[in-house]
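Residue numbers (the working numbering), protein chains in the order written: chain A, -8 to 99; chain G, 187 to 304. Note sheet for the following structure.
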């Protein structure tokens, strides 16, 4: 299975941008890059996904490296409600396998 | 309901007992997934259904675990002879389309069923 590598934890100040990195050096040509986040005591929540081009939605932006071996989830202005565990996942088949993710702490 | 519904939200049982956890996916979603999550870990894939059939059950840890989706909607995860190590949050997710399409992969998760085996 293709795997991803993320830092265990990151901190950010409220109202500042946050860049969450993900390495996926073994990505295949058909793998989509997905990001989910999980707030405390809730199920994971879809954030964004992409294949080759950068993507923007109301929640975040996804920047994908030209060689697709890494990507970055960008939260443009972190709020306290963005404190969560963020998962980067490669999805090329039917299964979506989560790693340990990055725990984001947002300081007021 | 509008989202994925899981029942019970909490289940406490004794070692050796049988447990059923139910998942009611979003109406019309053909794909259904079960995961389990231990404290401090990411969700661990258990099984994937496309319609009524289990397309991939490679994540089920052993033969004490079984899941069904007889009519392609509601699914039940069944655990026999529960062990203390089965204690976890069991998450269900559904998706509107089979994987591989252009909108592939957006999963909608329920809030989970917390299982505690004493």
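For every residue, glycine included, the Cβ atom is placed at its ideal position computed from N, Cα and C.
Practice item. Return yes when the Cβ of residue 83(A) is within less than 8 Å of the Cβ of residue 37(A), no when it is not. Key: Not a contact, by the Cβ cut-off of 8 Å.
Check your understanding: CB residue 216(G) to CB residue 245(G), shorter than 8 Å?
Key -> no
Practice item. Flag this pair as yes or no: are the beta carbons of residue 262(G) and residue 208(G) separated by less than 8 Å? Key: yes
Check your understanding: With residue 80(A) and residue 25(A) assumed to form a contact (beta carbons below 8 Å), what rounded beta-carbon distance in angstroms separates them?
Key -> Separation of the CB atoms of residue 80(A) and residue 25(A) is rounded to 5 Å, and the pair is thereby assigned contact status at 8 Å.
Practice item. Please decide whether residue 237(G) counts as near chain A, where near means a Cβ-Cβ distance under 8 Å. Key: no
Review point. Below 8 Å between beta carbons: does that hold for residue 59(A) and residue 18(A)?
Key: yes
**Study point:** Separation of residue 65(A) from residue 44(A), as counted between CA atoms
**Key:** 14 Å
Check your understanding: Thinking just about the alpha-carbon of each residue, which of 57(A), 33(A), 77(A), 61(A) is nearest to the one in residue 50(A)?
Key -> That would be 77(A), whose Cα lies nearest to the Cα of residue 50(A).
**Study point:** Contact list for residue 90(A) against chain G, beta-carbon separation under 7 Å
**Key:** Ordered by position in chain G, the residues that pass the 7 Å Cβ test against residue 90(A) are 228.
Review point. If you pair each beta-carbon of the stretch 239 to 255 of chain G with each one of the stretch 90 to 99 of chain A, do three or more pairs fall below 8 Å?
Key: no
Point to revise | Environment of residue 222(G) [buried if 16+ CB atoms lie within 10 Å] | key: buried
**Study point:** Interface positions of the stretch 246 to 271 of chain G facing chain A (Cβ-Cβ less than 9 Å), listed along the chain
**Key:** Among the residues of the stretch 246 to 271 of chain G, none has a Cβ less than 9 Å away from any Cβ of chain A.
**Study point:** Proximal chain G residues relative to residue 35(A), where beta-carbon distance stays under 7 Å
**Key:** Close partners of residue 35(A) in chain G (Cβ separation under 7 Å): 229, 295.
Exercise for review: Figure out for me which residue from 94(A), 74(A), 70(A) has the closest Cα to the Cα of residue 7(A).
Suggested key: 70(A)
Exercise for review: Could you spell out where the beta strand (DSSP E) holding residue 206(G) opens and where it closes?
Suggested key: 205 to 210
Review point. Is there at least one Cβ from chain A nearer than 8 Å to residue 298(G)'s Cβ?
Key: yes
Check your understanding: Among 227(G), 259(G), 250(G), which residue has its Cα nearest to the Cα of residue 202(G)?
Key -> 250(G)
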